[in-house]
Structure formats: C-alpha cells, structure tokens
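Colleague: Got a structure for you, written out below as structure tokens; questions coming shortly.
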Amino acid sequence: MHPEVRQQGPGACPICGMALEPVAASLHPEEERALIQMTRRFWVSALLTVFVFLLSMSHMLSGDLLKLSSGKAAMWIQWLFATPVVLWGGWPFFQRGWASVVHRRLNMFTLIALGVATAYGYSVIVTLFPHLFPSALHSPQDTVDIYFEAAAMITTLVLLGQVLELRAHHQTGSAIRSLLNLTPKMAHRIRNGQADDELPVSEVQPGDTLRVRPGDRLPVDGLVLQGASTVDESMMTGEPLPVEKVPGSRVLGGTVNGTGTMIIEAKQVGRETVLAQMVRLVSGAQRSRAPIQQLADRVSAYFVPVVMIVAVLTFVIWNLIGPAPRATHALVNAVAVLIVACPCALGLATPMSIMVGTGRGALAGVLIKNAEVLQTLERADTLFIDKTGTLTEGKPRLQSVICLPGQTEAEMLQRVASLEQGSEHALASAIVAGARTRQLPLIEATEFRSLTGQGITGRVNGRVVAFGNQQLFETLGIDATPLLREAEAQRRHGQTVMLVAVDGRSAGVVTVSDPIKPTAAEAIAQLHKEGLRIVMVTGDHEATARAIATPLGIDHIEAGVTPREKLERIKQYQDRGHVVIMAGDGINDAPALAQANVGIAMGTGTDIAMESADATLIKGDLRGIVRARRLSRATMRNIRQNLFFAFLYNTLGIPLAAGVFYPICGVLLSPVLASAAMTFSSVSVIANALRLRRAVL
C-alpha cells in the first residue's frame, strides 16, 4: 500500500503488512492468485475450527459425548485440530508480524501475531505441563482452561477479513480491467490490391491503413480516411451519445464503431494510445497516497506500541486486582486488547476509497494522476481557463485576409501559411488549411524564429515576414498603427486577429474564428454552482476574449498574456490564499498547468499539456471538471467516514476489551468476539468505499 515500496512479484508491504499492488495493470492480476490461496486457507481453517469449537463446548454436553470430549483427551484433540489452523492458516500473519519487527514498523499484523501466539502458546504449555500452574486454576477434571478455540477462531476470522479485503481489491480493479478489455485482439490491415490481412493489434504500426467494420471495436487511435459512421465512446469519455465520424475525424482505440464501415490510418499504437495512457494513469493514481493519509500514518506509528503497553497493563492489573481466576482473566483480556485494537480499518480507510474513486473517475472520462489531486480539487475556489481548445472547439477556421495597398490576399496568405506550415498550433493549422483550400502552393521558409507569446518571423521567397500580435511588432520596432483600426473592428466580432508585416512594414491582417463549444455555457453555469470563480486567460486580444467570455458569464478576463504571464497570474492568486485549478490544452499552457494547485488538460490537446497536468478530461469537455469536482467531494467524504468509523471503533473497543466497564456493568469482551469485531470493522470500511462505484457524477 506504500508507493515507495517496490519488489519483484506479489507479497506483503514490509511497512504496513497489507498486500502490495501490482505496478502494471493486468487482466490476470497477481492479487487474484493471492485471493485463491487465501480463500483455500480460510475454508480449511474454518472446517478445523468448527471441530475445535465443538470440543471447547464439551462442558455444556452430557452423556457419552461428554466422556469422550472432556478432560485431558479433549485438550490434546483441540491441540491437534488447532495447530494446522494457527501454524498453516495463520502463517502469513506470523510472517508479516515478524517482518514488522525486523523493519521496526509495527503494524496491525504485529498485534494479530502476538495475540494469536499468546493464546496458542499458553494453551500448548497448559496441555504439556499442567503441573506448572497453581491448583486454584485446575478444574474438577484436573485441567486448566485452554484457548485453542480462541486462537483458531481469531485466525479464521482474520483470514475471512483478508479474503474479503482481497476480493474488494479485485472489485476496485474492475475499472482497469474494463479498460483493458476494450482493446480488441485483432485488426484488419489493408494491403494495396490485396485482401485485408488479419493481424494481432500488437503488430499494427503507425501509418498502417486499417478497415473497421460495423460493430467492431477500433484497434488503435487514428484518423478516418474514408467512410462515415457513429462511434460509441461512452466507456472512454462518459458521454452516452454516439459521436459522428467523417473523414478527418479522430478516433480512439477501444471505442465501438456503429453501422458504417470506416478506413482509418493508425496514428498511436500500443502504449501510445489514449486507452493505454488511461490505464497507466489510473494504475498510478490507485497506488498514490492522499495527504489525509498522513493522519492515519501518524496515528499508526504510535498506535501499535501504545496498544502493546495497554495489553501489558491489562494483564498486570487483572493479575493484581481482578476476580478469580485472575491469571485466566488477565490473559484473556490482554489478548482481547491486542486483537480488537488491530488497525485494519484505519489502514484501509484511505487507500480503498482512492482506488475505487479513481476507477470511477476513469469510467466517467476523468483521469486523475494521483490521490493528492482528489483532495485538492475539493478545496479549490478559482478556475483559470484557456480560451482556444478549452472554451472553444480548438478547430479554428480562416475567416478573412485583409491587405493594405500594395499587397494581394493570395500573396500575403501564401507567405503566412508558408511560415506556419511547420507549427502544430491550432491557429497555424487553420491558416495552412485555408491556403490549401485556395490551392496556394507553400514555400519553404528560412531563418525561422519563434517569439513565445508574440508570434513568428522568417524569410519566405526572399521577403522577411513577421506574423503575430502587437507585442511582436513592438519587439521588432514595426509601426502597427495602419492595422489597428481594422484589427479592433474584427475583434469586436469575436475574431482572433493576427498582424502581418513584410520587410519591416505593416502589410495586413489575418483573422481566424474558433466556435465556442456547445457545452461550454452549461459547464460554466455548473462550475459557478460549484462555487468556483472563473478566470479566462488567453494570449488573444481583450476584445476577442470579451466577445467569447461575456455571453458565457465568465467572471474575469486576463487577455494578451504570454505563457509566463499566465503562470504569474496564477501565482498572484495563490499568494492571496486561493486554491487554483488551471484548465488548458496547448503547449503554451504547460507552465500554467504545472504551477496551478491542480492542472487539468483537455484530452483533445497536446501531449505536453497532458504530461504537465494533474488530471485529464478525455473528451475535452469542461463538464468533466464538474465531474472531477463531484468525484473529489464524494471520495473525500467517503475517506472521512472511514477514518471516523475506524477511530470510533478503536476508541470504544480497547477500553471494552481491557475490562474498563467490568466493574460498572460486568461486561467483558472475549478474544473471539474481539476478532469478529475487528473483521466487521474492516468489512464496513470496504463496503463503504465500494459505494463510490455508484457515485453520481
């Protein structure tokens, strides 16, 4: 359970004793084999424990059965049946308990091993050497009370708890297995003039042309070359409605094709697909630890030694002032303290909720990189949003080319597009696409230079071209005055305006528009209901930004900012005590995403943005932030419920087991009931965590 622990193969954590999680997700996890083995131990132990329990109740029987099952013979038979339960069934607990001592990290298995060993060891000594005990402890049959049934039942109940825990772990991994199962095993590759080849998906290479038939799952990420269909992306994005796909559309591996046949070009394969990245992110998040876990860790560090001291004091006090038989009461109560205080529920409280919560988020199209993100999202009060690709579709289209006298539209567009043809920016793609639509040949640019947050310069066909915003012109010492009136008029209509200079003189204006996402208004309204202050940050001009922000009801606009200035704006808010979320999709958003308390990348954006972010929205829909926020609240509420129950359980259980209430109401807690209570507390925490699978996001 501790992410810093690494080892080859499955096993127990040397720090907390709980089962280690596999680093790489698998359809056949090691924990499944551990579950089978632990289940076998439980059933064999349970069967033998029934016999031990019946023999221990022999004093309640009568007749011939009493003669056969009482006295010294019964003690030896109980020993015979209890030994495999304790030494074979409970062997994993002794191993983990000993490891905790060796590593000086006492944990719940320290208490379990000590409690079971005490009850079993005492009973063995009584069976072999009854004469060592005072006559006051001997029964009329000349025997001393033994606790083989307590040792066996405690072992069996702890085994039951481990089986339930491993089964719950298996269920929490259902989200990852669901994702892994999305990938088809085979793909159909198209060969020129030949029949389609059927080959394993693992052999598909980027650039391969694949045929996707109706009803098939897409084998890899790619672009549609031919055909049209609708694709069910609900398992990847959380959106139930199928999405139309036409030539040029992006498709994701693992999604389900509808009724049409499509021919696609493979772009990302294997570990590079969105699905593979989802699996890696979810696996990593499930192994991470939320800051709230530190509370449980600090408590556990002192808890086990304190419990052992309490157990010793219980033994001593009962031996000194307890009722007869004092030694028996002292032993029973000390063992009960060790067992009931086992911090299983405390250890499970946080990781179980994190595992289930991150899996639930993945199925809703929200990928959380680590557990700390879930805790921080709940406290966030300010959301910074980039404009292009986040509020807008990120698919801008060339709108107009406006020239000053002495220039032609075709010539100026050709020069600008030639400069931009190597860029991955969405605006650059729109300009290049516009030039190609007008069938303008592109020329190779030389002396290319990019000025971050301002624009680009280069030489095209012997002319020096500068293309960008007003800051670029100021940096280069170019007078932008002839262009400003037209630029402002276009911005008021929501156009993104870029200025063009040729050979150091203003030449014209190029405008691009990027439609607002259809779901943006709904998302902004929901985010306001979540209590978030929303700030748009964009490198675009203020007039263009305001034309987008005003109808959406965005609270504040930071326009004309560079990537560095975006980062500085976030720092300013953080210095004033705000917890900031940043949502963006471009390379220029990466610094701001990294600076924010929580960076959220659009899955439709660049890989660099997603690497810099703490969470990713697969569909790139801002409503995913609402889902992430709801997931955060549900998960943290679940963790607090678990921790409260775990602390309350131990607060009440330890005094009861120690016999504090015995002088008042004559109530004592036997080791068997203590073990049952311990198992119940763990099961309660597990059941509560699993409720997150049904959380409404």
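Here the sequence shown stands for residues 1 to 697, numbered as in our numbering. For each residue, glycine too, the CB sits at the ideal point set by N, CA and C. Remember, predicted model here, so these are calculated numbers, not experimental data.
Sorted by chain position, which residues of the same chain lie with C-beta nearer than 7 Å to C669's C-beta, five sequence neighbours on each side aside?
Modeller: Checking the displayed sequence, the identity of residue 669 turns out to be Leu instead of Cys. Cβ neighbours of L669 beyond the five flanking positions: A336, V340, L656, A657.
Colleague: Applying the criterion that 16 or more other CB atoms from any shown protein chain within 10 Å of the CB defines a buried residue, is P200 buried or exposed?
Modeller: Per the 10 Å Cβ criterion, exposed.
Colleague: Could you say which of Q78, W91, E378 lies nearest to F42 if we only look at CA atoms?
Modeller: W91
Colleague: I'd like the ranges of any alpha helix (DSSP H) spanning at least 4 consecutive residues and lying wholly in the stretch 417–497.
Modeller: 426–437, 470–476, 481–491
Colleague: As an exercise, report each continuous alpha helix (DSSP H) stretch of at least 4 residues that is fully enclosed by the stretch 353–427, in chain order.
Modeller: Counting only runs of 4 or more, we get 371–379, 409–420.
Colleague: What is the rounded straight-line gap between the Cα of M60 and the Cα of F53?
Modeller: Caution applies to M60, whose pLDDT of 47 falls short of 50 and renders its modelled position unreliable; the model cannot decide the point.
Colleague: Go ahead and label I664 buried or exposed: buried means 16 or more other beta carbons lie within 10 angstroms of its beta carbon, across all protein chains shown.
Modeller: Burial call: exposed.
Colleague: How would you label G504, buried or exposed, when you count the other beta carbons within 10 angstroms and need 16 or more for buried?
Modeller: Per the 10 Å Cβ criterion, exposed.
Colleague: Just to confirm, is the Cβ distance from S229 to N192 under 7 Å?
Modeller: Cβ atoms of S229 and N192: not closer than 7 Å.
Colleague: For a test of the three-state rule: what should DSSP assign to L61, helix, strand or coil?
Modeller: Caution applies to L61, whose pLDDT of 47 falls short of 50 and renders its modelled position unreliable; the value that the coordinates give is listed next. DSSP places L61 in coil when its eight states are reduced to three.
Colleague: In angstroms, rounded to a whole number, what distance separates the CA positions of V598 and G624?
Modeller: 14 Å
Colleague: For G161, count the other beta carbons within 10 Å of its own beta carbon; 16 or more makes it buried, fewer makes it exposed. Which is it?
Modeller: The residue in question, G161, is buried, as its Cβ has 16 or more Cβ neighbours within 10 Å.
Colleague: Cα separation between G254 and I368?
Modeller: 20 Å
Colleague: For G222, which three-state DSSP category applies?
Modeller: It is a strand residue.
Colleague: Quick check: the stretch 571–584 against the stretch 377–385, are there 3 or more CB pairs under 8 Å?
Modeller: yes
Colleague: Roughly how many angstroms separate the alpha carbons of G365 and I524, rounded to a whole number?
Modeller: The C-alpha of G365 lies about 18 Å from the C-alpha of I524.
Colleague: Residues in its own chain within less than 7 Å of A676 by CB, not counting five upstream and five downstream?
Modeller: L157
Colleague: Compare the beta carbon distance of L483 and V502 with 7 Å and say whether it is the shorter of the two.
Modeller: no
Colleague: Would you check if the distance between the CB atom of L374 and the CB atom of S632 is smaller than 7 Å?
Modeller: yes
Colleague: With DSSP run on the structure shown, which of helix, strand or coil describes K67?
Modeller: Bear in mind that the predicted position of K67 carries a pLDDT of just 47, short of 50, making it too unreliable to give a figure here.
Colleague: Can you tell me whether N461 is buried or exposed? The criterion is at least 16 other CB atoms within 10 Å of its CB, across all chains shown.
Modeller: exposed
Colleague: Quickly, what does DSSP pair L210 with across the bridge? List them, please.
Modeller: Answer is R189, I264, bridged to L210.
Colleague: Going by C-alpha to C-alpha distance, which of C403, G347, L275 sits closest to V500?
Modeller: C403
Colleague: Take the Cβ of H541 as the centre, count every other Cβ of all protein chains shown within 10 Å, and call the residue buried at 16 or more, exposed below.
Modeller: With 16 or more other Cβ atoms within 10 Å, it is buried.
Colleague: Taking the beta strand (DSSP E) that P200 falls in, what are its first and last residues?
Modeller: 197–200
Colleague: Note the first and the last residue of the continuous beta strand (DSSP E) segment covering G599.
Modeller: 598–602
Colleague: Kindly give me the distance between the Cβ atoms of G453 and A445, rounded to whole angstroms, as I take these residues to be in contact under 8 Å.
Modeller: Not quite, the Cβ-Cβ distance comes to about 20 Å (not below 8 Å), so this is no contact.
Colleague: Do you know offhand how far K67's Cα is from T118's?
Modeller: Unreliable positioning characterises K67 in this predicted model, as indicated by a pLDDT of 47, which lies under 50. The coordinate reading is nonetheless provided below. Those two C-alpha atoms are separated by around 29 Å.
Colleague: For a test of the three-state rule: what should DSSP assign to S506, helix, strand or coil?
Modeller: strand
Colleague: Of the residues L413, L427, S450, which one's Cα is nearest the Cα of I443?
Modeller: L413
Colleague: What number of angstroms, rounded off, separates the C-alpha of S681 from the C-alpha of P515?
Modeller: Linking S681 to P515 through their CA atoms gives a straight-line distance of about 54 Å.
Colleague: Once the 5 residues before and after G207 are set aside, which same chain residues still bring their CB inside 8 Å of it?
Modeller: Counting only Cβ-Cβ distances below 8 Å, and skipping sequence neighbours, we find E265, A266.
Colleague: Looking at C-alpha atoms only, which residue of P242, T392, V85, P405 is the closest neighbour of P518?
Modeller: P518 has its Cα closest to that of T392, out of P242, T392, V85, P405.
Colleague: Ordered along the chain, which non-local residues of its own chain (more than five positions away) have a Cβ less than 8 Å from that of M602?
Modeller: G389, T390, G394, A583, G584, D585, A609, T616, L617, G620
Colleague: For P563, is the classification buried or exposed, using 16 other Cβ atoms within 10 angstroms of its Cβ as the cut-off for buried?
Modeller: buried
Colleague: Taking 6 Å as the line, does the beta carbon of Q294 fall inside it for any heavy atom of the ligand ZN?
Modeller: The model depicted lacks the ligand ZN and carries no ligand whatsoever.
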